[in-house]
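Step one of this worksheet: look at the structure below.
2 protein chains.
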Amino acid sequence: MIAKKMIQFVEGNSVTRAMFEEGKRRAQIYGAQNVYDFSLGNPSVEPPKAVRESMIEILQEVSQNKVHGYMNNAGHEEVRETVAKSLNQKFETNFTEQNILMTVGAAGGLNVILKAILDPGDEVIAFAPYFGEYNNYVANFDGVMVAVSPHIPDFQPNLDEFEEKLTNKTKAVIINTPNNPTGVVYSEETIKSLAAILEKKQKEFGTAIYLIADEPYRELAYDGVEVPYLTKYYANTIVGYSYSKSLSLPGERIGYLVIPNEADDYENLWNAAVIANRILGFVNAPSLQQLAVAKCLEESTDVSVYDTNRKLLYHKLQDLGFECAKPEGAFYMWVKAMEPDDKAFADKAKDYNLLLVPGSAFMCPGYVRIAYCVDKGMLERSFAAFEKLARAYQK
Amino acid sequence: MIAKKMIQFVEGNSVTRAMFEEGKRRAQIYGAQNVYDFSLGNPSVEPPKAVRESMIEILQEVSQNKVHGYMNNAGHEEVRETVAKSLNQKFETNFTEQNILMTVGAAGGLNVILKAILDPGDEVIAFAPYFGEYNNYVANFDGVMVAVSPHIPDFQPNLDEFEEKLTNKTKAVIINTPNNPTGVVYSEETIKSLAAILEKKQKEFGTAIYLIADEPYRELAYDGVEVPYLTKYYANTIVGYSYSKSLSLPGERIGYLVIPNEADDYENLWNAAVIANRILGFVNAPSLQQLAVAKCLEESTDVSVYDTNRKLLYHKLQDLGFECAKPEGAFYMWVKAMEPDDKAFADKAKDYNLLLVPGSAFMCPGYVRIAYCVDKGMLERSFAAFEKLARAYQK
Numbered sequence: 001m002i003a004k005k006m007i008q009f010v011e012g013n014s015v016t017r018a019m020f021e022e023g024k025r026r027a028q029i030y031g032a033q034n035v036y037d038f039s040l041g042n043p044s045v046e047p048p049k050a051v052r053e054s055m056i057e058i059l060q061e062v063s064q065n066k067v068h069g070y071m072n073n074a075g076h077e078e079v080r081e082t083v084a085k086s087l088n089q090k091f092e093t094n095f096t097e098q099n100i101l102m103t104v105g106a107a108g109g110l111n112v113i114l115k116a117i118l119d120p121g122d123e124v125i126a127f128a129p130y131f132g133e134y135n136n137y138v139a140n141f142d143g144v145m146v147a148v149s150p151h152i153p154d155f156q157p158n159l160d161e162f163e164e165k166l167t168n169k170t171k172a173v174i175i176n177t178p179n180n181p182t183g184v185v186y187s188e189e190t191i192k193s194l195a196a197i198l199e200k201k202q203k204e205f206g207t208a209i210y211l212i213a214d215e216p217y218r219e220l221a222y223d224g225v226e227v228p229y230l231t232k233y234y235a236n237t238i239v240g241y242s243y244s245k246s247l248s249l250p251g252e253r254i255g256y257l258v259i260p261n262e263a264d265d266y267e268n269l270w271n272a273a274v275i276a277n278r279i280l281g282f283v284n285a286p287s288l289q290q291l292a293v294a295k296c297l298e299e300s301t302d303v304s305v306y307d308t309n310r311k312l313l314y315h316k317l318q319d320l321g322f323e324c325a326k327p328e329g330a331f332y333m334w335v336k337a338m339e340p341d342d343k344a345f346a347d348k349a350k351d352y353n354l355l356l357v358p359g360s361a362f363m364c365p366g367y368v369r370i371a372y373c374v375d376k377g378m379l380e381r382s383f384a385a386f387e388k389l390a391r392a393y394q395k
Numbered sequence: 001m002i003a004k005k006m007i008q009f010v011e012g013n014s015v016t017r018a019m020f021e022e023g024k025r026r027a028q029i030y031g032a033q034n035v036y037d038f039s040l041g042n043p044s045v046e047p048p049k050a051v052r053e054s055m056i057e058i059l060q061e062v063s064q065n066k067v068h069g070y071m072n073n074a075g076h077e078e079v080r081e082t083v084a085k086s087l088n089q090k091f092e093t094n095f096t097e098q099n100i101l102m103t104v105g106a107a108g109g110l111n112v113i114l115k116a117i118l119d120p121g122d123e124v125i126a127f128a129p130y131f132g133e134y135n136n137y138v139a140n141f142d143g144v145m146v147a148v149s150p151h152i153p154d155f156q157p158n159l160d161e162f163e164e165k166l167t168n169k170t171k172a173v174i175i176n177t178p179n180n181p182t183g184v185v186y187s188e189e190t191i192k193s194l195a196a197i198l199e200k201k202q203k204e205f206g207t208a209i210y211l212i213a214d215e216p217y218r219e220l221a222y223d224g225v226e227v228p229y230l231t232k233y234y235a236n237t238i239v240g241y242s243y244s245k246s247l248s249l250p251g252e253r254i255g256y257l258v259i260p261n262e263a264d265d266y267e268n269l270w271n272a273a274v275i276a277n278r279i280l281g282f283v284n285a286p287s288l289q290q291l292a293v294a295k296c297l298e299e300s301t302d303v304s305v306y307d308t309n310r311k312l313l314y315h316k317l318q319d320l321g322f323e324c325a326k327p328e329g330a331f332y333m334w335v336k337a338m339e340p341d342d343k344a345f346a347d348k349a350k351d352y353n354l355l356l357v358p359g360s361a362f363m364c365p366g367y368v369r370i371a372y373c374v375d376k377g378m379l380e381r382s383f384a385a386f387e388k389l390a391r392a393y394q395k
């Protein structure tokens, strides 16, 4: 009775659920502390105290109809203005509230902008490996996903293949840096080259190609690495942001889109996005969360916790002979499977109570993703298991 | 550069904006207190105090990663269980947490269930007049909206025409009682007749036809009128609920879907809906709001405030010679325009600083909607304007 398009999802879902049940079964047999779940990107660091304090202050001091009532579908004006000013200060941009659309997380924002721009058959390019949900978001609007092959072993974008895959049907390109699942950050040089290719192809085809920067991990960058702000390099950039990782609020569904004045057809694009936010059923980003994040724009999560895990895990994996992409951002490590089949490798890891995600889920078989946003004690306890896993392949 | 489907929306939007700007212009000329805005369904009653208290208590006492972190895409299990138990107590149903899917308001819920069931070309029936957004929600999934003509003057569902319009392509029927825009409540007898027709047609076609009950106004019913709980009358009922009106939280985007075990293909339907919640970009209903409403299930808004307005306005309009549907629920009054063209009538009303919504917006020309969820003082000040409007047509 369900929609035909949903059948594949329901079938796929039972596989995921089986994995989840397997994790629970193992926790019962071996004890929860001896099962090492690296499968989820759920921040282990608590939100900054200012989030809770701001929410309580708003609830106590602002009129209830203002806190909980309807506002413009784009969000509270003063929240959007505050976000714009904060971006301008950090990145020397020139945004106003007319460039900031508050969204139900980055997932909501991506759906909103794709609804606004995609006609059926329009192509959207992403660089493998990438977050598998992009496929679903693009399919929601009958777009066609085009994957650029991974650039091994550094997992920077494969720009030669990218240039070949741009066509007059390319409506958008999604990039995600710091990257899920690789932890790689794209350098300024890379961004400049990518922008130059896009400019050239826009001219060649006489089209607008929107660069959608999915940036939930912007603040999670290590070793002082710079994460360039993309609107400064390419006029047709749309930024999708989320507070899920930077303020550890993934369950609260709060983020925003940046739609710059410089984007082609700005006025229609802005209006279409605001309307899309409404008719997709989001209506507006949750009001209390909007008001709260506006008070916490200078706050950030304690990145040092993830950084400590990153260093511990990276050195350990290298010592054990694993091949990893250089992890400069986000809280993921991207590791080459020790056999060609990443699913078989993830299954083998499970024998040692290590729960990893096969790279196939990110359109890049042969690798696995380790989410190290976990308790440090658990991470350290897991090292013996990683050692056994490595040994199993070195026999 | 925007999607072709969005162009009509952007054009339509500028008309709405022009109306909004006109309202602001009039407020500047005549003073805000002399412009009578009856256009929005934004609750004028504050949320019950328990909402604020619950939110603060949760923020102070529950672990922050629990309050703000990811949970199952269907929502917090204990929240869903609490909602199920509360429904069971009120309506003698038998729901568990496996029947309750927390959603981003009713708008989110409707999109989720339509995504779960609609194949392109599937038909969805609604009874005119109805909330115009249904058209957009159904179009999001390439469904075909089929409107049943209004039953004048009582605006109960036109069941004869309904029966004729059910086909083997009908996948769903949306009903909304208490009704936006008419304020009418469907009686138990009507529901039984409607259910009997659906049962008959399901058998005739060998299909499942889901009855989607959009129920944001369930608690807003007056004069002791009963609002039947639909899952008890028809097995293939899906309920879409929202706390926007019952707890005055429209900006917080919190509601739920009820997907009963008795629904055809329950297991696939449930799984498809949970997945749809994820891939449409909602991911989950905002976490703090979920936890808060679960503590306020026995709370309700102060319906007497709307009831007072309802009686004042209804009597006044009758005295002035307006024809109104019997307003038994919600906070809308549905009034016959005093000339055939409802848009011209709404324009004329504007001359007296009365902002009303033309019935065309609800697929029912010839009428206007008055949202009386407003300050009582403003309502009373507006009566002179209504009188002038009536006189203008009685010359």
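Residue numbers (this note's numbering), protein chains in the order written: chain A, 1 to 395; chain B, 1 to 395.
Virtual Cβ for every residue (Gly too), placed ideally from N, Cα, C.
As the structure is a prediction and not an experimental result, all values here were calculated from the model.
For residue i, the nearest candidate out of the options (CA to CA)
i               : options                        : result
D37 of chain B  : B:V79, B:Y372, B:V138, B:A392  : B:Y372
Y393 of chain A : A:S54, A:P129, A:H315, A:F322  : A:F322
T182 of chain A : A:Y210, A:E164, A:H151         : A:H151
S360 of chain A : A:A221, A:A128, A:M55, A:I238  : A:A128
V239 of chain A : A:K165, A:A172, A:S300, A:Y352 : A:A172
G69 of chain B  : A:G105, A:N88, A:P120, A:R369  : A:G105
M338 of chain B : B:V368, B:Q289, B:K165, B:Y314 : B:V368
P178 of chain A : A:Y234, A:V303, A:Y217         : A:Y217
D124 of chain A : A:T96, A:V374, A:I174, A:I254  : The identity of residue 124 of chain A in the sequence shown is Val, whereas the question assumes Asp. If we check each option's Cα against that of V124 of chain A, A:I174 comes out closest.
E164 of chain B : B:L198, B:Y30, B:R26           : B:L198
A116 of chain B : B:K49, B:Y266, B:Y229          : B:Y266
M19 of chain A  : A:Q33, A:I2, A:L40             : A:L40
N180 of chain B : B:A126, B:E189, B:T170         : B:A126
P260 of chain B : B:L230, B:Q64, B:Y314          : B:L230
N13 of chain A  : B:A385, B:R278, B:E11          : B:R278
Range of the contiguous beta strand (DSSP E) that encloses residue i
i               : result
V258 of chain A : 255 to 258
G240 of chain B : 237 to 242
N367 of chain B : A small correction: the amino acid at residue 367 of chain B is Tyr; Asn does not occupy that position in the sequence shown. 367 to 371 is the span of the beta strand (DSSP E), which, as asked, contains Y367 of chain B.
L211 of chain A : 210 to 214
I58 of chain A  : No beta strand (DSSP E) holds I58 of chain A; the alpha helix (DSSP H) holding it covers 49 to 61.
A172 of chain B : 170 to 175
Within chain B, partners of residue i - CB distance below 8 Å
i               : result
N277 of chain A : Correct list: empty, because the minimum Cβ distance to chain B is about 10 Å.
Y137 of chain A : I279, G281
Extent of the continuous alpha helix (DSSP H) run through residue i
i               : result
K203 of chain B : 188 to 205
M333 of chain A : Premise fails: M333 of chain A lies in the beta strand (DSSP E), 332 to 336, not in any alpha helix (DSSP H).
I275 of chain B : 266 to 279
Y306 of chain A : 303 to 319
Q156 of chain B : Q156 of chain B -> no alpha helix (DSSP H), and no H or E assigned at all.
7 Å Cβ cut-off: residues of chain B touching residue i
i               : result
A208 of chain A : M1
Q289 of chain A : P286
N111 of chain A : L280, G281
8 Å Cβ cut-off: residues of chain A touching residue i
i               : result
K295 of chain B : Here the premise fails: no neighbours, minimum Cβ distance about 14 Å.
Proximal chain B residues relative to residue i, where beta-carbon distance stays under 9 Å
i               : result
A116 of chain A : I2, A3, M6
G377 of chain A : Those within 9 Å of G377 of chain A in chain B number zero; the least Cβ separation is about 16 Å.
V374 of chain A : Within 9 Å Cβ-Cβ: nothing; V374 of chain A doesn't reach chain B, min ~12 Å.
A392 of chain A : Those do not exist, as A392 of chain A stays about 32 Å from chain B at its closest Cβ, beyond 9 Å.
Proximal residues of chain A, C-beta to C-beta of residue i below 9 Å
i              : result
G23 of chain B : Simply none; closest approach about 14 Å.
- Contiguous alpha helix (DSSP H) assignments of at least 4 residues, all confined to the stretch 74 to 152 of chain B: Qualifying alpha helix (DSSP H) stretches, in chain order: 77 to 91, 105 to 117, 133 to 140.
- Residues of the stretch 46 to 64 of chain A with Cβ closer than 7 Å to any Cβ of chain B, in chain order: Residues of the stretch 46 to 64 of chain A whose Cβ lies closer than 7 Å to any Cβ of chain B, in chain order: E46, P47, R52, M55, I56, L59, Q64.
- Query: Taking Cβ-Cβ distances below 7 Å as the criterion, which residues of the stretch 244 to 269 of chain B are in contact with chain A?
  - Reply: S248, L249, P250, G251, E252, R253, D264, D265, N268, L269
- Positions along the stretch 61 to 94 of chain B whose CB lies within less than 7 Å of some CB in chain A: Within the stretch 61 to 94 of chain B, the residues whose Cβ lies closer than 7 Å to any Cβ of chain A are, in chain order, Q64, N65, H68, G69, Y70, M71.
- Using a Cβ-Cβ cut-off of less than 8 Å, give me the residues of the stretch 174 to 185 of chain A that come near chain B, in sequence order. For the stretch 174 to 185 of chain A, which is checked against every Cβ of chain B, not one residue is closer than 8 Å.
- Item | Selection of the stretch 97 to 110 of chain B by Cβ proximity to chain A, strictly under 9 Å | T103, V104, G105, A106, A107, G108, G109, L110
- Item | Where the stretch 132 to 160 of chain A meets chain B: residues whose CB sits under 7 Å from a CB there | Within the stretch 132 to 160 of chain A, the residues whose Cβ lies closer than 7 Å to any Cβ of chain B are, in chain order, E133, N136, Y137, N140.
- Message: What are the residues in the stretch 352 to 372 of chain A lying within 9 Å of chain B by C-beta distance?
- Response: Within the stretch 352 to 372 of chain A, no residue has a Cβ that lies closer than 9 Å to any Cβ of chain B.
- Which residues, taken in chain order from the stretch 28 to 46 of chain A, show a beta carbon closer than 8 Å to some beta carbon of chain B? L40, N42, P43, S44, E46
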